[in-house]
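Those protein sequences? They're chains F and W, same order as listed. 48 is the number that this note's numbering gives to position 48 of the first sequence; each next residue is one higher, with no gaps. 145 is the number that this note's numbering gives to position 34 of the second sequence; each next residue is one higher, with no gaps. Ideal Cβ placement from N, Cα and C applies to all residues, glycine included. All values derive from a computational prediction rather than experimental measurement.
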Amino acid sequence: QKEVEQNSGPLSVPEGAIASLNCTYSDRGSQSFFWYRQYSGKSPELIMFIYSNGDKEDGRFTAQLNKASQYVSLLIRDSQPSDSATYLCAVNAPGGFKTIFGAGTRLFVKA
Amino acid sequence: ETGVTQSPTHLIKTRGQQVTLRCSSQSGHNTVSWYQQALGQGPQFIFQYYREEENGRGNFPPRFSGLQFPNYSSELNVNALELDDSALYLCASSLDLAGGTDTQYFGPGTRLTVL
Numbered sequence: 001q002k003e004v005e006q007n008s009g010p011l012s013v014p015e016g017a018i019a020s021l022n023c024t025y026s027d028r029g030s031q032s033f034f035w036y037r038q039y040s041g042k043s044p045e046l047i048m049f050i051y052s053n054g055d056k057e058d059g060r061f062t063a064q065l066n067k068a069s070q071y072v073s074l075l076i077r078d079s080q081p082s083d084s085a086t087y088l089c090a091v092n093a094p095g096g097f098k099t100i101f102g103a104g105t106r107l108f109v110k111a
Numbered sequence: 112e113t114g115v116t117q118s119p120t121h122l123i124k125t126r127g128q129q130v131t132l133r134c135s136s137q138s139g140h141n142t143v144s145w146y147q148q149a150l151g152q153g154p155q156f157i158f159q160y161y162r163e164e165e166n167g168r169g170n171f172p173p174r175f176s177g178l179q180f181p182n183y184s185s186e187l188n189v190n191a192l193e194l195d196d197s198a199l200y201l202c203a204s205s206l207d208l209a210g211g212t213d214t215q216y217f218g219p220g221t222r223l224t225v226l
C-alpha cells in the first residue's frame, strides 16, 4: 500500500463545473495535509493546507479532511481552463520532517 | 515567485559521473528539503537540513549527500550517477522545521538527464 494514494486521472471537467480530487493516506498519525498544483515543467505551488477535520475554504478551493477515514479531498468550484494541471496531495509524516507526496491527479478543464 | 532559486536549470551528465545541484533559500529560512521527481510521479523526499545539520532522510542511498550553509544556500551532491537518477530535483525552504504549520516554498527545480 502506498503511503499517499491519488487517482492518476486524467480527470476531465467542463469549464464552470466542480472538480473533485481525492487522496487517501496510510499513516493514521499524520497531522498536516497539503494540496499543491503543478503545471507541466514547473515546480509545485501550494494551494491549501489543512490540519483539522472538516472543511477549509479559500476562494474557489475547498479542502476537506476526514482523519477517521484517512481521506483528504480538494474541490475546485467554477473550474477554469487555467486550472488544468497536476494536483499533488502531500502529507507530513509524524515527527514532521518528512513530507510524502502522492503521484498526483491530472486535471483537464475543457473550455 | 517563491524567492527560492536553483541552479543550473538543466544538466546533462553521463553514467558514473558526479553532480552538484545548488539551491538558494529565502533569507531567514532555516530548513531546506530536497526532493527527486521522476516523470509522472510525485516528489520523493531525499533529505532535510535544519541549521546546517541533516535532520532526516528518505529512502535514498548514501551517494546522495547534501550540505547547507549559513548564508541560506545548500547543495545536493550525487555520486556515481545512474540512469534512474534522471529526474527533476527540487529544493524547498521553510522558516523552521517543516511540518505542522510551516509552509514549504519550492524552487523552480533542476532537470538532470543521465545518459
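From residue i to residue j, what distance separates their C-alpha atoms?
| i | j | result |
| --- | --- | --- |
| Ala-191 of chain W | Pro-81 of chain F | 43 Å |
| Arg-55 of chain F | Leu-223 of chain W | Checking the sequence shown, residue 55 of chain F turns out to be Asp, not Arg. Taking the straight line joining both Cα atoms gives about 39 Å. |
| Phe-171 of chain W | Asp-195 of chain W | 12 Å |
| Ser-20 of chain F | Ile-47 of chain F | 14 Å |
| Asp-83 of chain F | Lys-42 of chain F | 14 Å |
| Ala-63 of chain F | Leu-88 of chain F | 13 Å |
| Val-130 of chain W | Asn-22 of chain F | 37 Å |
| Asp-213 of chain W | Val-109 of chain F | 31 Å |
| Lys-98 of chain F | Arg-168 of chain W | 8 Å |
| Arg-28 of chain F | Tyr-71 of chain F | 10 Å |
| Thr-24 of chain F | Val-225 of chain W | 33 Å |
Look up residue i in the DSSP assignment and say whether it is helix, strand or coil.
| i | result |
| --- | --- |
| Ser-112 of chain F | The question about residue 112 of chain F has no answer here: the residues shown for chain F are numbered 1 through 111. |
| Ser-82 of chain F | helix |
| Lys-124 of chain W | strand |
| Tyr-51 of chain F | coil |
| Val-112 of chain F | Since the first residue of chain F shown is 1 and the last is 111, residue 112 of chain F is not available in this structure. |
| Pro-14 of chain F | strand |
Taking Cβ to Cβ, would you say residue i is nearer than 8 Å to residue j?
| i | j | result |
| --- | --- | --- |
| Cys-134 of chain W | Ser-184 of chain W | yes |
| Glu-165 of chain W | Phe-156 of chain W | no |
| Ala-198 of chain W | Gln-147 of chain W | yes |
| Tyr-200 of chain W | Gly-114 of chain W | no |
| Ser-205 of chain W | Thr-116 of chain W | no |
Beta strand (DSSP E) runs wholly inside the region 156–195 of chain W, at least 3 long, in chain order: Secondary structure within the region 156–195 of chain W: the beta strand (DSSP E) runs of 3 or more consecutive residues, fully enclosed, are 164–168, 175–179, 184–189 (chain order).
Residues of the region 177–194 of chain W with Cβ closer than 9 Å to any Cβ of chain F, in chain order: Here the close residues number zero.
Proximal residues, the region 164–176 of chain W versus chain F, C-beta separation under 9 Å: Residues Asn-166, Gly-167, Arg-168, Gly-169.
Interfacial residues, the region 37–52 of chain F to chain W, with Cβ spacing under 8 Å: Listed by position, the residues of the region 37–52 of chain F near chain W (Cβ gap below 8 Å) are Lys-42, Ser-43, Pro-44, Glu-45, Leu-46, Phe-49, Tyr-51.
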